[in-house]
Structure formats: structure tokens, C-alpha cells
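S.K.: I'd like to ask some things about the structure below.
Residue numbers (this note's numbering): 38 to 108.
Right, here's the structure in full:
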């Protein structure tokens, strides 16, 4: 059974919601964690959670580091 959104602190999302927010798969989230693109999620009440603002900032920071291959 899925965890209720009401059990999550405000501004936090679980891994599935993080994947939807970033328009990637759950496995991409885990790959990005391993590659250092995303930090480890917080473990809150047994759930792996991210602050939505942290997700956007981490991806923005990573995107800024990569050169444009079409340049």
C-alpha cells in the first residue's frame, strides 16, 4: 500500500513523486544518487524523502556543470 501524502512533512516528496517531479524513472533517481547528482534522501518516519526545492536545485546545479553537446 502506498504511503499517504498526509504523512509527509510539507515540501517533501517520496522517491516516486520525486521521479514524477523530475520526469524521470525511479531507477534514474537511484542512478543519480549513486553518481552524486542527487544527495541521499532523508529518512523520515521510515520513508525516503526529498525536499522538492533540493531536487530542483541539485538538477539545476548538475545541468550547469555539463557542457552543451550541441555547442
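All C-beta atoms in this analysis are idealised placements derived from N, C-alpha and C, irrespective of residue type, glycine included.
(1) Kindly list the residues whose CB is nearer than 7 Å to the CB of residue 63, restricted to its own chain and excluding five residues on each side of it in sequence; keep chain order.
(2) Do residue 102 and residue 49 have their beta-carbon atoms positioned less than 7 Å apart in this structure?
(3) If I follow the unbroken beta strand (DSSP E) through residue 50, where does it start and stop?
(4) Tell me whether the beta-carbon of residue 86 lies closer than 7 Å to the beta-carbon of residue 78.
(5) Which residue comes first and which comes last in the alpha helix (DSSP H) that contains residue 92?
(6) So what does residue 84 bridge to, in DSSP terms?
M.R.: This is what the structure holds:
(1) Contacts found: 52, 53, 56.
(2) Result no, Cβ atoms of residue 49 and residue 102 do not sit closer than 7 Å.
(3) Counting along the chain, the beta strand (DSSP E) containing residue 50 begins and ends at 49 to 51.
(4) Remark: C-beta atoms of residue 86 and residue 78 approach each other more closely than 7 Å.
(5) Start and end: 89 to 102.
(6) Paired residue(s): 81.
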